[in-house]
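Chemist:
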Amino acid sequence: MTVNVFFAARASLWNIYRPALTRAFAKAGLDASLSDDPSDPRSVDYLIHAPNGPVTDFTAFTRAKAVLSLWAGVEDVVGNPTLVQPLCRMVDPGLREGMVEWVTGHVLRHHLGMDAHIVNPERAWNRKTPPLARDRNVTILGLGALGAACAETLARMNFRVTGWRRSPKALASSIVCLSGEGGLKKALSSAEILVLLLPLTARTSNLMDANRFALLPEGAIVINPGRGDLIVDEALLEALNSGRILHATLDVFRTEPLPADHPFWCHPRVTVTPHIAAETRPDSAARVIAENIRRGENGLPFLHVVDRTAGY
Ligand code: NAP
C-alpha cells in the first residue's frame, strides 16, 4: 500500500529535499507518495517537520504514525499539546560531520591563539608557542550525537576532554564523563575551552548564568553551537568584561537573526556566526527519514524518538 508522506517544512526546502527524499524512498523500497500540500490531512501517514513550516496543529492528522523532524533540536515542537504521535529528531551523519568540523576549527583557533597572527597591526614578532593539545582542557556540555562525536575527535587529537551529560554513561576511556550538579561544577572548573552542545529544555535553559560562569578558570573560552537560551547573555557579557572569559564564539542566539543592536555584534571579544555550525544534509537526512518510515511500516521501533518528558 502507498505510504503518504507530508513534507511539512518551510516552502523553500521543498525543492531541495524532494529529489533527495524521492531517491531515498526508492532505495529503501518504499512505495511512498510525497507531497508538500496533501489534500486531506487524514490520509497522511508520516509528517516530515521543521520549524517555521505550515503545521502548528497536528490534530487533523489522525492517521499519522510519526512526526519526523529535519532538525536535531526539537524545542519548537516537543511541547506541542496537539502532537500525540511519536516525534523522531534528526540524527544525521552529515550534520554530525559538520558540527565536528565547526567545533574542532573553533577549538583550534583558540587553542593555537591564531587571532594574534591574523590581526597584527603592530607587526609584533610575538613568538609565544601555544601548549600542545595534551596540555589543554576542553569541556563539552552535552555528550549526545553531536557532543560525543566532537569529544571523540578532540580526544583523538590529544586534548584532555571532559564531558557532562544527564545519564552517567561513559565514552572512550580517555574522556572524563560527568553528570549531576557536582559533575557540572567539576567540568566547568577545569574548562579552559568550554563547548555547549546541550539541547534546549526546561532544565538546560539559562544553565550558564553568572554563578556558573564564575566557576570557569580565568581566561576561559566559551564556544556555543548548542542553543542561545543555554546562556544568560548579560552574565556572559559581564564575564567577558571582567576578563574571566577571554573570548566567546557564538553560533546560536535567543533571537535569530541576532538583532543589529545586540552588544554581541560589536564586543571585541565575541565572534558571531549565523547559526551555521551544522546543517542537516538533504541526502544523508533523507536516508534517515526513509529508514524510519521503513521501520514504521514493518512494525519496528522508530529511531531517535524524543523523550517528551525530558524534552529532547
Ligand atoms: P542529543 O543527542 O539529544 O544529545 C543531548 C546531550 O545533552 C546528551 O548527552 C544529554 O545527556 C545531554 N543533556 C540533555 N539534558 C541534559 C541535562 N539536563 N543535564 C545534562 N546533560 C543533558 O542532541 P544532539 O544531536 O547532540 O544535539 C545537541 C544540540 O545541538 C541540539 O539539541 C541543538 O540544540 C544543537 N544543534 C545546533 C546546530 C547548529 O547549527 N548550531 C545544529 C544541530 C544541533 P544524555 O546523553 O545523558 O541523554
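In the working numbering, the protein residues as written are 612 to 923.
We put the CB at the ideal spot given by N, CA and C, even for glycine.
1. I'd like to confirm something about Val666: is its beta-carbon nearer than 7 angstroms to some heavy atom of ligand 1, or not?
2. Which term fits Pro963, buried or exposed, when burial requires 16 or more other beta carbons within 10 angstroms of its beta carbon?
3. Whole angstroms is fine: what's the gap from Ala921's alpha carbon to Arg738's?
4. Just to confirm my understanding: we take Ala846, look at its own chain, exclude 5 residues before and 5 after, and list those with CB closer than 6 angstroms. What are they?
5. Where are the alpha helix (DSSP H) runs, 4 residues long or more, that stay fully inside the stretch 689-775, in chain order?
6. If you run the structure through DSSP and keep just helix, strand and coil, what is Val678?
7. Would you report the Cα separation of Ile834 and Ala859, rounded to the nearest angstrom?
8. For the beta strand (DSSP E) containing Phe617, list its first residue and its last residue.
9. Spatial neighbours of Arg777 within its chain, please: C-beta separation below 7 angstroms, excluding the five flanking residues on both sides.
10. For Ile904, does the three-state DSSP call read helix, strand or coil?
11. Would you identify the three-state DSSP class for Val899, choosing helix, strand or coil?
12. Quick one: using the 10 Å Cβ neighbour count with 16 as the cut-off for buried, is Met710 buried or exposed?
13. I'd like the list of long-range same chain contacts for Ala744, defined as Cβ closer than 6 angstroms, with 5 residues on each side in sequence excluded.
14. Taking Leu799 as part of the alpha helix (DSSP H), name the residues at either end of that continuous run.
15. What are the boundary residues of the alpha helix (DSSP H) that Leu847 is part of?
16. Would Arg707 pass as a contact of Val685 if the rule is Cβ separation under 8 angstroms?
17. Whole angstroms is fine: what's the gap from Val749's alpha carbon to Ala675's?
18. What I want to know is whether the C-beta of Glu890 ends up closer than 7 angstroms to one or more non-hydrogen atoms of ligand 1.
19. Would you call the CB atoms of Leu658 and Phe636 closer than 8 angstroms?
20. With Tyr628 as the anchor, note down where its alpha helix (DSSP H) starts and where it stops.
Modeler: Taking the definition as stated:
1. For ligand 1, not one heavy atom lies less than 7 angstroms from the Cβ of Val666.
2. Residue 963 lies beyond the range of the chain shown here (612 to 923); nothing can be said about it.
3. Each residue's alpha carbon lies about 49 angstroms from the other.
4. Same-chain partners within the cutoff: Asp820, Ala821, Phe824.
5. Counting whole runs of 4 or more residues, the stretch 689-775 contains the alpha helix (DSSP H) stretches 704-723, 726-729, 756-767.
6. Strand.
7. Looking at the two C-alpha atoms, the distance is approximately 6 angstroms.
8. Per DSSP, Phe617 belongs to the beta strand (DSSP E) from 614-619.
9. Hits under 7 angstroms: Ser790.
10. It is helical.
11. In the structure shown, Val899 sits in a helix (DSSP, three-state: H, G or I).
12. Met710 counts as buried, since at least 16 other C-beta atoms from the protein chains shown sit within 10 angstroms of its C-beta.
13. Excluding sequence neighbours, Ala744 sits near Met768, Asn769, Phe770.
14. First-last of the alpha helix (DSSP H) with Leu799: 791-800.
15. Taken as a continuous stretch (DSSP letters only), the alpha helix (DSSP H) holding Leu847 covers 844-853.
16. Cβ distance not < 8 angstroms, so Arg707 and Val685 don't count as in contact.
17. The alpha-carbon atoms of Val749 and Ala675 are separated by roughly 43 angstroms.
18. It does: the Cβ of Glu890 is within 7 angstroms (strictly closer) of some heavy atom of ligand 1.
19. Against a cut-off of 8 angstroms, the Cβ pair of Phe636 and Leu658 comes out as no contact.
20. Taken as a continuous stretch (DSSP letters only), the alpha helix (DSSP H) holding Tyr628 covers 625-638.
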